[in-house]
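To convert, count from 1 in the sequence shown and add 2; that's the working numbering.
Ideal Cβ positions, reconstructed from N, Cα and C, are used throughout, including at glycine.
Keep in mind it's a predicted model, so treat the numbers as computed, not measured.
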Amino acid sequence: MSVFPESFLWGGALAANQSEGAFREGDKGLTTVDMIPHGEHRMAVKLGLEKRFQLRDDEFYPSHEATDFYHRYKEDIKLMAEMGFKTYRFSIAWTRLIPNGTGEVNQAGIDHYNDVINTCLEYNIEPLVTMFHFDMPDALDKRGSWSNPESVDWFVNFAKVMFENFGDRVKYWLTINEQNMLTLVGPIIGTLRIPEGTTNVLKEVYQQNHHMLVAQAKAMVLCHEMLPNAKIGPAPNISYVYPASCKPEDILAAQEFNAIRNWLYLDMAVYGKYNNLVWTYLEENDATPTFAEGDEEAMKNAHPDFIGFNYYSTATVQKAAADDKLDPGADQQSSRGEAGYYKGYANPNLKKTEFGWEIDPDGFLATMREMYSRYHLPMIVTENGLGAYDTLEEGRVHDNYRIAYLRAHIEQLHKAVTENIEMMGYCPWSAIDLVSTHEGIRKRYGFIYVDTTDEEVGTLDRYKKDSFYWYKKVIESNGENLD
Ligand code: BG6
3 MSVFPESFLW
13 GGALAANQSE
23 GAFREGDKGL
33 TTVDMIPHGE
43 HRMAVKLGLE
53 KRFQLRDDEF
63 YPSHEATDFY
73 HRYKEDIKLM
83 AEMGFKTYRF
93 SIAWTRLIPN
103 GTGEVNQAGI
113 DHYNDVINTC
123 LEYNIEPLVT
133 MFHFDMPDAL
143 DKRGSWSNPE
153 SVDWFVNFAK
163 VMFENFGDRV
173 KYWLTINEQN
183 MLTLVGPIIG
193 TLRIPEGTTN
203 VLKEVYQQNH
213 HMLVAQAKAM
223 VLCHEMLPNA
233 KIGPAPNISY
243 VYPASCKPED
253 ILAAQEFNAI
263 RNWLYLDMAV
273 YGKYNNLVWT
283 YLEENDATPT
293 FAEGDEEAMK
303 NAHPDFIGFN
313 YYSTATVQKA
323 AADDKLDPGA
333 DQQSSRGEAG
343 YYKGYANPNL
353 KKTEFGWEID
363 PDGFLATMRE
373 MYSRYHLPMI
383 VTENGLGAYD
393 TLEEGRVHDN
403 YRIAYLRAHI
413 EQLHKAVTEN
423 IEMMGYCPWS
433 AIDLVSTHEG
443 IRKRYGFIYV
453 DTTDEEVGTL
463 DRYKKDSFYW
473 YKKVIESNGE
483 NLD
């Protein structure tokens with residue numbers, strides 16, 4: 003008998019902007035991520051040094067075709083069903099539903115997601131919908147993106163359109179994917195927008211963060227009002243933070259980064275209040291956000307039903323001196339720092355992926371334990387996986403490295419369940435290959451290989467990797483057969 007409950011949601015995840023392609027079809031509006039080229043202008047555009055408002059003829063944009071999920075969803079969901087998926091986590095592109103972000107609703111977008119949802123249900127796959135996964139409508143970016151206090155209403159309106167149209171069938175909702183990464187590493191994700199003339203960037207970024215927190219809170223309340231049987235939760239990227247040593251100053255640094263990276267987002271989602279360490283840090287840097295009337299109440303009124311979280315690795319930090327020069331080029335999982343507070347430290351006990359991310363399955367258990375003891379809510383893993391260079395050989399990909407990564411993490415998930423941590427499901431990243439946020443499609447994550455490259459669109463044919471057959475057995479045995 004399995005330790006996992008019968009209802010455990012084994013599945014996998016994708017995001018619209020990384021998999022759908024068809025970036026201008028079906029009357030879809032442009033998003034900020036549609037504007038990020040792959041070639042030499044990439045970082046300059048992301049960092050805002052070059053304008054991203056026009057598409058360039060001399061650049062290739064892998065996300066424009068991506069893996070063409072928009073046209074191939076029937077074939078792809080069938081493959082997910084063949085693996086035995088109980089759930090499929092995907093995001094809805096805001097600009098397919100509302101091309102300008104606000105205003106007119108686009109029937110073609112509604113029809114498309116209705117088809118996707120209905121196809122899932124035909125295979126008894128529970129749709130798990132992410133409302134926002136990095137793809138800010140370009141029209142709203144031009145109006146200030148999350149810096150604009152109206153962004154709260156924009157998002158709540160978008161939520162309402164989704165609840166009205168899909169709420170009869172979608173029972174599980176995720177609000178904002180990795181809000182903590184949007185705040186901490188915005189340029190890497192390609193969504194940072196700092197208004198011209200800003201003098202205190204940290205304050206501006208945390209004001210944006212505040213708007214997202216309020217937007218999320220209001221969307222959760224609205225969900226409960228409109229859809230009493232639905233469940234909704236946040237989806238941050240949680241990496242438990244270790245101290246680099248047992249020096250007391252490193253312990254304090256790890257507590258501070260844990261608060262800034264992780265607990266700020268969950269304390270707010272669950273308890274409706276700012277984490278005290280983060281608030282102190284913001285005060286010390288003249289960066290506390292301004293509250294609009296009603297914000298405090300809105301945040302207090304919201305209660306998630308569960309916590310979704312993405313886990314790739316832990317982080318390790320040590321105390322940073324006030325005059326430390328720290329590398330700003332960090333991504334979601336690589337070391338970064340904050341002079342005077344903490345700085346990243348390469349954990350010598352951990353191996354790394356080909357793309358430099360540490361691999362820490364034990365840390366996955368540490369993260370689940372810590373989260374459960376802080377929040378006591380059911381949890382679902384909304385992303386976990388290995389980005390690697392895969393090679394297609396005679397129609398197969400022998401990705402034993404991916405199997406090893408996932409096996410080691412599922413073993414820890416298994417332990418968590420035996421420790422009575424309420425785990426609802428597991429959605430590895432990614433169900434099918436997709437375009438990575440900042441490393442192109444050459445960094446592959448899927449159980450299914452897609453024939454395409456960062457330089458040109460390929461046949462887009464699908465091939466089952468070895469991990470596809472392995473995961474199918476894992477699901478069949480409800481998590482007991484990991485061989
Ligand atoms: C998470 C995101 O940050 O990690 C995904 O939610 C992303 O969108 C995933 O693809 C892996 O990161 P990357 O940078 O390798 O694509």
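The segment 75 to 83 makes no contact with the segment 144 to 155; the number of CB pairs closer than 8 angstroms stays below 3.
In the three-state DSSP reduction, GLU180 falls in the coil class, being neither helix nor strand. When the five nearest sequence neighbours on each side are left out, the beta carbons in the same chain lying within less than 6 angstroms of the beta carbon of LEU204 are those of ASN287, ALA289, in order along the chain. Counting only runs of at least 3 residues, the segment 401 to 451 fully encloses the following beta strand (DSSP E) elements, listed from N- to C-terminal order: 425 to 428. With a cut-off of 8 angstroms, the C-beta of SER432 is classified as near the ligand BG6, since at least one heavy atom of the ligand falls inside that distance.
For ILE119, the uninterrupted alpha helix (DSSP H) run begins and ends at 109 to 124, by DSSP. For MET214, the shortest C-beta to heavy atom distance toward the ligand BG6 is 8 angstroms or greater. In the structure shown, the three-state DSSP call for THR97 is helix.
In this structure, the C-beta of GLY389 approaches the ligand BG6 to less than 8 angstroms from one of its heavy atoms. For PHE311, the beta-bridge partners assigned by DSSP are VAL383.
ILE361 sits in a strand when the DSSP states are folded into three classes. Residue pairing of VAL243 in beta bridges, as defined by DSSP: ALA317. Short note on TYR242: C-beta not closer than 8 angstroms to any heavy atom of the ligand BG6.
Judged by DSSP in its simplified three-state form, ALA15 adopts strand. Look at PRO306 here: in three-state DSSP terms it is coil, with no helix or strand label.
Counting along the chain, no alpha helix (DSSP H) covers LEU229, and no H or E run does either. For the pair ALA110 and ASN19, the CB atoms are not nearer than the 9 angstroms cut-off.
In summary, GLY296 is exposed, with fewer than 16 beta-carbon neighbours lying within 10 Å of its beta-carbon over all protein chains present. Within 8 angstroms of the C-beta of ASP288 there is not a single heavy atom belonging to the ligand BG6. For TYR344, the enclosing beta strand (DSSP E) covers residues 344 to 346. Residue side-chain check: TYR447 places its Cβ nearer than 8 angstroms to a non-hydrogen atom of the ligand BG6. For GLY188, the enclosing alpha helix (DSSP H) begins and ends at 188 to 191. Taking a contact as a CB-CB distance under 8 angstroms, the pair GLY310 and THR369 does not count as one, their CB atoms being some 13 angstroms apart.
In terms of Cβ geometry, ARG444 and VAL452 do not form a close pair [threshold 9 angstroms]. Pairwise C-beta distances place the segment 395 to 408 in contact with the segment 466 to 477, as three or more of them are shorter than 8 angstroms. In this structure, the beta-carbon distance from THR177 to MET133 falls below 9 angstroms.
Of the other Cβ atoms in all chains shown, fewer than 16 fall within 10 Å of the Cβ of ASP117; this residue is therefore exposed. Between LEU352 and GLU360 a beta carbon distance of about 4 angstroms is seen, short of the 8 angstroms cut, so the two are scored as contacting. Following the DSSP letters along the chain, one finds VAL131 inside the beta strand (DSSP E) bounded by residues 128 to 134. At the C-beta level, ASP362 and GLN320 stay beyond 9 angstroms of one another.
Around the beta carbon of PRO101, 16 or more other beta carbons sit within 10 angstroms, so the residue counts as buried. Beta-carbon to beta-carbon, THR316 and SER241 are separated by about 5 angstroms, close enough to satisfy the 8 angstroms threshold. Restricting attention to TYR447, GLU421, ALA433, the CA atom closest to the CA of GLY389 is found in TYR447.
Setting aside the 5 residues that flank it on each side, PRO64 is surrounded in the same chain by HIS40, VAL437, GLY442, ILE443, ASP456, each with a C-beta closer than 7 angstroms to its C-beta; the list follows chain order. DSSP links LYS353 through a beta bridge to ILE361. The alpha-carbon of ALA68 is positioned some 36 angstroms away from that of MET301.
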